[in-house]
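Trainee:
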Amino acid sequence: MARIKGGLNAKRKHNRVLKMAKGYRGARSKQYRVAKQSVMRAMANAYRGRKEKKRQYRALWITRINAGAHMNGISYSQLMHGLKAAGVDMNRKVLSELAISDAAGFAKLCELAKSTLGK
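All residue numbers for the sequence shown refer to this note's numbering, where the first residue is 45 and numbers rise by one.
(1) So, does the stretch 132 to 146 touch the stretch 101 to 108, judging by three or more C-beta pairs under 8 Å?
(2) Hey, could you find the ends of the alpha helix (DSSP H) S159 is sitting in?
(3) Take S82 and list the residues in its own chain whose beta-carbon comes closer than 7 Å to its own, dropping the five residues that flank it on each side.
(4) Could you have a look at R47 and say whether DSSP puts it in helix, strand or coil?
(5) What number of angstroms, rounded off, separates the C-alpha of L156 from the C-alpha of A86?
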């Protein structure tokens with residue numbers, strides 16, 4: 045039986061990594077060994093970044109809700125507790141959008157939370 049050499053598969057693997065490393069500086073985009081390390085780190089950072097993006101959006105929404113709540117004389121934590129006690133099931137994304145675009149509607153929600161808490 046004839047011997048099969050792995051040259052074609054290795055070349056294909058190298059080219060795939062080098063293609064992903066396109067745009068990197070110096071040896072990082074030219075040499076396979078260096079490019080592989082850079083691509084692996086970039087992929088790990090991209091994975092982590094996708095998780096961090098969700099956290100950053102949640103923090104932004106909370107900041108916006110807090111600003112709107114303080115304009116209506118209630119803190120963020122009291123607002124969220126009051127809305128939960130009142131049975132209002134709105135997520136933070138929608139609440140932050142309300143705080144920005146519909147100040148009157150958000151003020152009504154704040155009043156509802158205040159009345160539920162007994163303030």
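Even glycine gets a Cβ: it sits at the ideal position worked out from N, Cα and C.
Mentor: Well, looking at it:
(1) yes
(2) A147 to L161
(3) A65, Y68 and R72
(4) coil
(5) 48 Å
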